[in-house]
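A.B. asks: First the structure, which I've put down as structure tokens, then a few questions once you've had a look.
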Amino acid sequence: MNWTQKPIKSWHVATVLALVTVAMQMLCNIDSYLYAQCGQFDSAVFFMCGKAMMNGMVPYADFTDSKGVLLWFIYGLGYLFDHYSYVGVFWLSCLNMWATLLIAYRTARLWLDRRASLLAAIFLIIPLTYWNFYTETKAEHFCWPAVAWGIYVLMRGQCQSAINRRHGVWLGVGLVACLMLKWSVALMMLSLVCSAGWMAWQGGSLKRYLLGFFCGILLSITPFVVAFSCWGNWSDLWREYFVNTLSSVSVPLAETVSLYAGEWAGMFTTRRFLYLLYTLPVLTLWNKKNWFASALPALCGLFFIALSIRHDSFGHYISVVGPFAILTIVVTLRYVQSHNVLRLRYVTFFAILAMAYVVWGSIRYTDTFCTKVDERFDKFMAVSAAMSQVDQPKIIVVGQERGICMGTSLPATRYWITQLGRTEQMWQSQMSAIDQGKADFVIDFGAESAEMRARILSAGYRYFDTFYGGRVYALSEEIRPIAAEHFSAWDIVTKRNYRERYGLESRK
Numbered sequence: 193m194n195w196t197q198k199p200i201k202s203w204h205v206a207t208v209l210a211l212v213t214v215a216m217q218m219l220c221n222i223d224s225y226l227y228a229q230c231g232q233f234d235s236a237v238f239f240m241c242g243k244a245m246m247n248g249m250v251p252y253a254d255f256t257d258s259k260g261v262l263l264w265f266i267y268g269l270g271y272l273f274d275h276y277s278y279v280g281v282f283w284l285s286c287l288n289m290w291a292t293l294l295i296a297y298r299t300a301r302l303w304l305d306r307r308a309s310l311l312a313a314i315f316l317i318i319p320l321t322y323w324n325f326y327t328e329t330k331a332e333h334f335c336w337p338a339v340a341w342g343i344y345v346l347m348r349g350q351c352q353s354a355i356n357r358r359h360g361v362w363l364g365v366g367l368v369a370c371l372m373l374k375w376s377v378a379l380m381m382l383s384l385v386c387s388a389g390w391m392a393w394q395g396g397s398l399k400r401y402l403l404g405f406f407c408g409i410l411l412s413i414t415p416f417v418v419a420f421s422c423w424g425n426w427s428d429l430w431r432e433y434f435v436n437t438l439s440s441v442s443v444p445l446a447e448t449v450s451l452y453a454g455e456w457a458g459m460f461t462t463r464r465f466l467y468l469l470y471t472l473p474v475l476t477l478w479n480k481k482n483w484f485a486s487a488l489p490a491l492c493g494l495f496f497i498a499l500s501i502r503h504d505s506f507g508h509y510i511s512v513v514g515p516f517a518i519l520t521i522v523v524t525l526r527y528v529q530s531h532n533v534l535r536l537r538y539v540t541f542f543a544i545l546a547m548a549y550v551v552w553g554s555i556r557y558t559d560t561f562c563t564k565v566d567e568r569f570d571k572f573m574a575v576s577a578a579m580s581q582v583d584q585p586k587i588i589v590v591g592q593e594r595g596i597c598m599g600t601s602l603p604a605t606r607y608w609i610t611q612l613g614r615t616e617q618m619w620q621s622q623m624s625a626i627d628q629g630k631a632d633f634v635i636d637f638g639a640e641s642a643e644m645r646a647r648i649l650s651a652g653y654r655y656f657d658t659f660y661g662g663r664v665y666a667l668s669e670e671i672r673p674i675a676a677e678h679f680s681a682w683d684i685v686t687k688r689n690y691r692e693r694y695g696l697e698s699r700k
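656 is the number that the working numbering gives to position 464 of the sequence shown; each next residue is one higher, with no gaps.
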């Protein structure tokens, strides 16, 4: 009996997917041990917010960003694991990816045998980690398990299997999780919730599905209700997470139509076309008799795409559509098996080649891989070390955060970071905090205008140092720059932090 004939048990599936997940995440995720911690942008913001939470600061009142409190909590756990790197977030990302693949395996099992389903789940990691979209960990990525579960429940109904109370419970939990990660994804999730409800109604289990769904919502929303009640920041939550976030992407109708048309055109002229390939092939399962129900999976995928490409300037918002690729993979493997096009061993070989290509691209198109970093990272660490001479330095970033002094720094004010699409009130509040000298350090990373420099200097700050083009201004006259020392590839892999390297003791 060769390996393709040996029986596969459930623990085999879980183990193989776990190993593949850790291997691919280690090589492709810039939060892993193999990458220097200076290539993060959005993740640096999330880490700062999570760190602030774990240090007792109140979300949306003492600090804010455009994301949900669950995302900050996840990064806060990563901060507790390691204050000076993202490896804690890396392991949580591994767990997140593993859960997504396990759910995808269950989806594939609706049509395929165990061996082919395992291969389908392994294949899914390729579109999820493809380097053109998987540049750093995003809020959308932590929504993948919820999206994958919604797809599974919907396709279970498509296969004439009962949708029961348990399926509804976890779908309710997933909806709340998305709401507390990034509320726009929760809006997309409603398409899967409603479609699964339609299939439950057709299968005569709508009451059980709805009971489970609302129980799942109640169980999962309760901790957040308790937390926000204890913080007493309901009004801040509404204003910062919903109102300001919506305002930051609101433009006049004519401009909206023009931008949206351009984004749809880009779906056919950029690599985002891949996401259409992830969703549309499922239409091969369409049948005339159940024309509406059998079209629901593709319609849900298109709904996700339609909402995610709005203001998708960086091409990562659409990554939330990734779990839909399991449907195309299943359709393809069914065709391969039914027509004897290729044996599974050859399909497995192609999967290995595709993963190798993804790994190659991930390393090639980054400058933070441990063997590729240059003196800029040494400077990044030296500036971090110098800033940490102040105990828990408060910072304001004008422009884009890069994670400087990540182990000890905290937000100086609610609008500590210049958000993309900021409102005028948010900008003026940040400038007012600078004028009042609320921060120990101001980092001008992106603005760099003579007017901004004059404003910072007139507030009592002095030019301190530069890293990655960002000018650092210090309030204290006592803090002095530290000469950069070289960090080797081994230092990066072992996550040797700047305080260990420079032998610093905190002082005020």
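In this text, a Cβ means the ideal position worked out from N, Cα and C, and glycines have one as well.
When DSSP builds the beta bridges, which residues end up paired with I787?
C.D. replies: Nothing can be reported for residue 787: it is not among the residues displayed for the chain, which extend from 193 to 700.
A.B. asks: Is the separation between the beta-carbon of E332 and that of I222 shorter than 8 Å?
C.D. replies: Residue numbering aside, residue 332 sits at position 140 when the sequence shown is read from its first letter. Residue numbering aside, residue 222 sits at position 30 when the sequence shown is read from its first letter. It is not a contact, given that the beta carbons lie outside the stated cut-off.
A.B. asks: What alpha helix (DSSP H) runs, 4 residues minimum, are completely inside the region 470–504?
C.D. replies: 483–500
A.B. asks: What are the complete beta strand (DSSP E) segments, minimum 3 residues, inside the region 384–457?
C.D. replies: With a minimum length of 3 residues, no continuous beta strand (DSSP E) run stays inside the region 384–457.
A.B. asks: Between the region 262–274 and the region 620–640, can you find at least three pairs of beta-carbon atoms closer than 8 Å?
C.D. replies: The region 620–640 makes no contact with the region 262–274: fewer than 3 CB pairs, one atom from each, lie closer than 8 Å.
A.B. asks: Under the rule that 16 or more other beta-carbon atoms within 10 Å means buried, what is P337, buried or exposed?
C.D. replies: As a working note, residue 337 is residue 145 in the sequence shown. Buried is the label assigned to P337, since at least 16 other Cβ atoms lie within 10 Å of its Cβ.
A.B. asks: What is the residue span of the alpha helix (DSSP H) that V664 lies within?
C.D. replies: By one-based count along the sequence shown, residue 664 stands at place 472. Per DSSP, V664 belongs to no alpha helix (DSSP H); it is in the beta strand (DSSP E), 662–666.
A.B. asks: Here's the rule: buried if 16 or more other CB atoms are within 10 angstroms of the residue's CB, otherwise exposed. What is D636?
C.D. replies: Looking up residue 636 in the sequence shown gives position 444. Classification for D636: buried.
A.B. asks: Compute the distance between the beta-carbons of T605 and S439, then report whether it is under 8 Å.
C.D. replies: The count along the sequence shown starts at 1 and reaches residue 605 at position 413. The count along the sequence shown starts at 1 and reaches residue 439 at position 247. No, they are not a contact pair.
A.B. asks: Could you give the C-beta distance for V582 and M644, rounded to a whole number, given that I count them as a contact under 8 Å?
C.D. replies: By one-based count along the sequence shown, residue 582 stands at place 390. By one-based count along the sequence shown, residue 644 stands at place 452. In fact, because the Cβ distance is near 22 Å, the residues do not count as touching under 8 Å.
A.B. asks: Please name the residue in D234, V279, W264 whose C-alpha comes closest to that of S224.
C.D. replies: Within the sequence shown, numbered from 1, the residue matching residue 224 stands at position 32. Checked all of D234, V279, W264; the closest Cα to S224 is V279.
A.B. asks: Is the beta carbon of Y433 sitting closer than 8 Å to the one on G260?
C.D. replies: Here residue 433 corresponds to residue number 241 of the sequence shown, with the count starting at 1. Here residue 260 corresponds to residue number 68 of the sequence shown, with the count starting at 1. In this structure, G260 lies closer than 8 Å to Y433 by Cβ.
A.B. asks: Please report the Cβ distance between V237 and I609, rounded to the nearest whole angstrom; I am assuming they are in contact, meaning their Cβ atoms lie under 8 Å.
C.D. replies: Numbered from 1 along the sequence shown, position 45 holds the residue referred to as residue 237. Numbered from 1 along the sequence shown, position 417 holds the residue referred to as residue 609. With a beta-carbon spacing of about 6 Å, V237 and I609 fall inside the 8 Å limit used to define contacts.
A.B. asks: The beta strand (DSSP E) with Y655 in it runs from where to where?
C.D. replies: The residue you call residue 655 lines up with position 463 of the sequence shown. Y655 -> beta strand (DSSP E) spans 654–659.
A.B. asks: Count the C-beta pairs between the region 508–523 and the region 303–322 that are closer than 8 Å, then say yes if the count reaches three, no if not.
C.D. replies: Yes, since at least three Cβ pairs between the region 508–523 and the region 303–322 fall closer than 8 Å, the two stretches touch.
A.B. asks: With 16 other CB atoms within 10 Å as the buried threshold, where does R358 fall?
C.D. replies: The residue labelled residue 358 in the question sits at position 166 within the sequence shown. The residue is exposed, with fewer than 16 neighbouring Cβ atoms inside 10 Å.
A.B. asks: Excluding the 5 residues preceding and the 5 following W195 in the sequence, name in chain order all residues of the same chain whose CB lies nearer than 7 Å to its CB.
C.D. replies: Locating residue 195 in the sequence shown gives position 3, where the first residue counts as 1. Residue placement at W195 is poorly supported in this model, since its pLDDT is 49, which falls under 50; the coordinates still yield a value, given next. If we look at W195 and ignore the five residues flanking it on each side, it has no Cβ neighbours.
A.B. asks: With the cut-off set at 8 Å, would you say Y607 and M618 are in Cβ contact?
C.D. replies: Counting from 1 along the sequence shown, the entry for residue 607 is found at position 415. Counting from 1 along the sequence shown, the entry for residue 618 is found at position 426. Taking 8 Å as the Cβ cut-off, Y607 and M618 qualify as a contacting pair.
A.B. asks: Which ranges would you report for the alpha helix (DSSP H) in the region 533–587 if only whole runs of at least 4 residues count?
C.D. replies: 536–556, 567–579
A.B. asks: Can T292 and A340 be called in contact, C-beta distance under 8 Å?
C.D. replies: Numbered from 1 along the sequence shown, position 100 holds the residue referred to as residue 292. Numbered from 1 along the sequence shown, position 148 holds the residue referred to as residue 340. The answer is yes: Cβ separation under 8 Å.
A.B. asks: Assign D305 to buried or exposed, taking buried as 16 or more other Cβ atoms, counted over all protein chains shown, within 10 Å of its Cβ.
C.D. replies: Start at 1 with the first residue of the sequence shown, and residue 305 comes out as number 113. Exposed, by the Cβ-count rule.
A.B. asks: Quick one, are the C-beta atoms of V565 and V664 less than 8 Å apart?
C.D. replies: Locating residue 565 in the sequence shown gives position 373, counting from the first residue. Locating residue 664 in the sequence shown gives position 472, counting from the first residue. No. Outside cutoff.
A.B. asks: Out of curiosity, what's the CA-to-CA distance linking K700 and W264?
C.D. replies: For the purposes of this step, residue 700 is taken as the residue at position 508 of the sequence shown. For the purposes of this step, residue 264 is taken as the residue at position 72 of the sequence shown. For K700, the pLDDT reaches just 38, beneath the cut-off of 50, and the residue's location in the model is therefore unreliable, leaving the point undetermined.
A.B. asks: Looking only at DSSP bridge pairs, what is L602 linked to?
C.D. replies: As a position in the sequence shown, residue 602 is number 410, starting the count at 1. According to DSSP, which records beta bridges pairwise, L602 is partnered with K586.
A.B. asks: When the distance is taken between beta carbons, is M372 closer than 8 Å to L262?
C.D. replies: Here residue 262 is taken as the residue at index 70 of the sequence shown, counted from 1. Here residue 372 is taken as the residue at index 180 of the sequence shown, counted from 1. Their beta carbons are under 8 Å apart, which means L262 touches M372 by this criterion.
A.B. asks: Output needed for L403: all residues of its chain with C-beta closer than 8 Å, excluding positions within five of it in sequence on either side, in chain order.
C.D. replies: Looking up residue 403 in the sequence shown gives position 211. Correct list, in chain order: R357, G360.
A.B. asks: For Y690, which of helix, strand or coil comes out of DSSP?
C.D. replies: Sequence index remark: in the sequence shown, residue 690 carries index 498 (1-based). Helix at Y690.
A.B. asks: May I ask you to list the residues that DSSP assigns as paired with P636?
C.D. replies: Working through the sequence shown from its first residue, we reach residue 636 at position 444. Before going further, note that residue 636 is Asp rather than Pro in the sequence given. DSSP lists V590, R663 as partners of D636.
A.B. asks: For S601, collect the residues of the same chain with a Cβ closer than 6 Å to its Cβ; drop the 5 residues on either side in sequence, then sort them by chain order.
C.D. replies: Position 409 of the sequence shown, counted from the start, is the residue given in the question as residue 601. Same-chain partners within the cutoff: P585, I587.
A.B. asks: Restricting to Cα atoms, I'd like to know which of I521, A392, S235, W456 is closest to R723.
C.D. replies: Look at the range of the chain in this structure, 193 to 700, and you will see that residue 723 is not part of it.
A.B. asks: Could you give the DSSP three-state label for K700: helix, strand or coil?
C.D. replies: Here residue 700 refers to the residue found at position 508 of the sequence shown. Its pLDDT being 38, under 50, K700 is placed unreliably in this model, and the coordinates cannot settle the point.
A.B. asks: Just verifying my parser: in three-state terms, what is the DSSP assignment at Y225?
C.D. replies: Here residue 225 corresponds to residue number 33 of the sequence shown, with the count starting at 1. The answer is coil: DSSP assigns Y225 none of H, G, I, E or B.
A.B. asks: For I317, which of helix, strand or coil comes out of DSSP?
C.D. replies: Translated into the one-based positions of the sequence shown, residue 317 becomes position 125. In the structure shown, I317 sits in a helix (DSSP, three-state: H, G or I).
A.B. asks: What residue from R691, A244, L226, I343 has the CA that sits closest to A578's CA?
C.D. replies: Numbered from 1 along the sequence shown, position 386 holds the residue referred to as residue 578. If we check each option's Cα against that of A578, R691 comes out closest.
A.B. asks: Quick check: L536 and A308, are their CB atoms within less than 8 Å of each other?
C.D. replies: Taking the sequence shown and counting its residues from 1, the one referred to as residue 536 is at position 344. Taking the sequence shown and counting its residues from 1, the one referred to as residue 308 is at position 116. Cβ distance < 8 Å, so L536 and A308 count as in contact.
A.B. asks: Identify the continuous alpha helix (DSSP H) that holds R348 and give its terminal residues.
C.D. replies: Here residue 348 corresponds to residue number 156 of the sequence shown, with the count starting at 1. It spans 336–350 - the alpha helix (DSSP H) in which R348 sits, taken as one unbroken run.
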